[in-house]
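Report on the structure given below.
Numbering (mature numbering (1 follows the signal peptide of the UniProt record, and there is no 0)), first residue to last: -28 to -1, 1 to 246.
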């Protein structure tokens, strides 16, 4: 069963318009902050990017297998790594926003340097997410964050999750979508770009928000999707207790043999009186 929120005429009109629309004129380009200027900080960003590549090489084969196991489509696989420029701009923006923040703290907030999208038809979505998340845990990936917005009245519909590869300790992101929810996200993103463009009039901003909500409210909700919860990660293997080394047995020394008793003097013949 699919729960379908009734689409308004506005939603239908916006959907048709967005499907045929090109890029929003004058939309801001991705990021405008300068790269990280400090050489020591830049080196730490480079090390972070190298860990991201190593994690991607380990995790991508698992994601392909997860897609097969759960009968999902792995969408946008070629874009699974964020570019170095994108990461650098994000770090620069975070450090600028919070003066005194270290580059390590800024990097810790970037959870999608490696990211994937899994998609199922509405009728297979709920069971597909369960199968995929269970398989991910089985490959030594810990669930770090799980945001399920299917039950919300307003806003985008999807599951955004963050995982940590136990081998590298690096985080990666996975979005669980249906075709409708992914389309709505992409369509609303174009409108949001115009909404945040400098100089957009307040009346236009309100209209853009209404259009985005209409798009999101038209997305069917798969049965049980709002109840999908993060899988439990198995506890780390217990460390073996150190084996106590038994103390060497001490063999008591044999007791010394008792000394022989001294011999009593032998009595001579008794003299006979004359």
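A virtual CB, placed ideally from N, CA and C, is assigned to each residue, including glycine.
{"Item": "With a threshold of 16 other CB atoms inside 10 Å of the CB of residue 190, please say whether the residue is buried or exposed.", "Value": "buried"}
{"Item": "Would residue 134 pass as an interface residue toward chain C - the criterion being a Cβ-Cβ separation below 9 Å?", "Value": "Given the protein chain composition of this structure (a single chain), no chain C is represented."}
{"Item": "Near residue 131, what residues of its chain come up, given a Cβ to Cβ distance below 6 Å and the 5 sequence neighbours on each side ignored?", "Value": "120, 148"}
{"Item": "Which stretch, first to last residue, makes up the alpha helix (DSSP H) that contains residue 85?", "Value": "From DSSP, residue 85 is part of no alpha helix (DSSP H); its letter is neither H nor E."}
{"Item": "Bridge partners for residue 119 per DSSP, in chain order?", "Value": "132"}
{"Item": "Rounded to a whole number of angstroms, what is the C-alpha to C-alpha distance between residue 75 and residue 117?", "Value": "22 Å"}
{"Item": "Classify residue 129 as buried or exposed, calling it buried when 16 or more other Cβ atoms lie within 10 Å of its own Cβ.", "Value": "buried"}
{"Item": "Going by beta-carbon coordinates alone, are residue 155 and residue 34 separated by less than 9 Å?", "Value": "no"}
{"Item": "For residue 39, is the beta carbon positioned less than 8 Å from some heavy atom of the ligand HEM?", "Value": "With respect to the ligand HEM, the structure shown offers nothing to examine, as it has no ligands at all."}
{"Item": "Would you call residue 28 buried or exposed, if buried means 16 or more other Cβ atoms sit within 10 Å of its Cβ?", "Value": "buried"}
{"Item": "So residue 45 is in the alpha helix (DSSP H); what residue range does that whole segment cover?", "Value": "Note, residue 45: premise wrong, no alpha helix (DSSP H); beta strand (DSSP E) at 45 to 47."}
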